[in-house]
Amino acid sequence: MVTAVGGGTIRDAVFLARRPFWTSETEYIWMSILTGFATFFSWPYVLEWKEKRRLQKLEQMETSADGNSQDSYYDELDLALDTFDSIGLAAFAIIGAQNGVRAGMPMVVSSICGMATSTFGGLTFYVVDLFV
């Protein structure tokens, strides 16, 4: 949950000087809790499926006579995760910048609000993880 609301919390507290958004818009808290539970319980199955696909791909590469082998394995799941991560990053940057514009901030500050919203959640997670 720290990652989900950390960027917006820092944006609101540091750049916009107001209380964090999730204190009045609790749907963000509920969405992060539900998404966290869904990910926690489904991820082992996703990893098992991915490992089966990786082993099948290795078998295919061993039986092929072309001699090309790759040290890394990047499949459709990795592509999907990277794609959705990029879409989420862009969406949160836009949401953060819009909050800066709505607060009447200059364009540069609104851009910084977008950057903070989209990236500081992960940064907050790593800082908390380092000290806990």
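Under my numbering, the first residue of the sequence shown carries the number -4, and numbering increases by one thereafter.
Beta carbons: idealized from backbone N, C-alpha and C, even for Gly.
Short Cβ contact (7 Å threshold) for residue i with residue j
i	j	result
I24	W17	yes
T(-2)	G117	yes
A92	S81	no
A111	R6	yes
A98	L42	no
T4	P15	yes
G2	F115	yes
L72	K45	yes
Residue i (DSSP reduced to helix, strand or coil)
i	result
V127	coil
T21	coil
L53	helix
A8	helix
P15	coil
F121	For clarity, residue 121 is Tyr in the given sequence; the question names Phe instead. In the structure shown, Y121 sits in a helix (DSSP, three-state: H, G or I).
Y69	coil
Terminal residues of the alpha helix (DSSP H) in which residue i lies
i	result
M(-4)	It is not in any alpha helix (DSSP H) - M(-4) carries neither H nor E in the DSSP assignment.
A98	First-last for A98: undefined, no H or E at that position.
Anticipated Cβ contact below 8 Å, residue i with residue j, distance rounded
i	j	result
A75	S113	At roughly 20 Å, the Cβ-Cβ gap does not stay under 8 Å, so A75 and S113 are not in contact.
R48	D70	6 Å
Y68	K52	7 Å
Proximity winner among the options, relative to residue i (alpha-carbon distances)
i	options	result
A8	E22, L50, M26 and G95	G95
F35	P101, M56, M(-4) and T21	M(-4)
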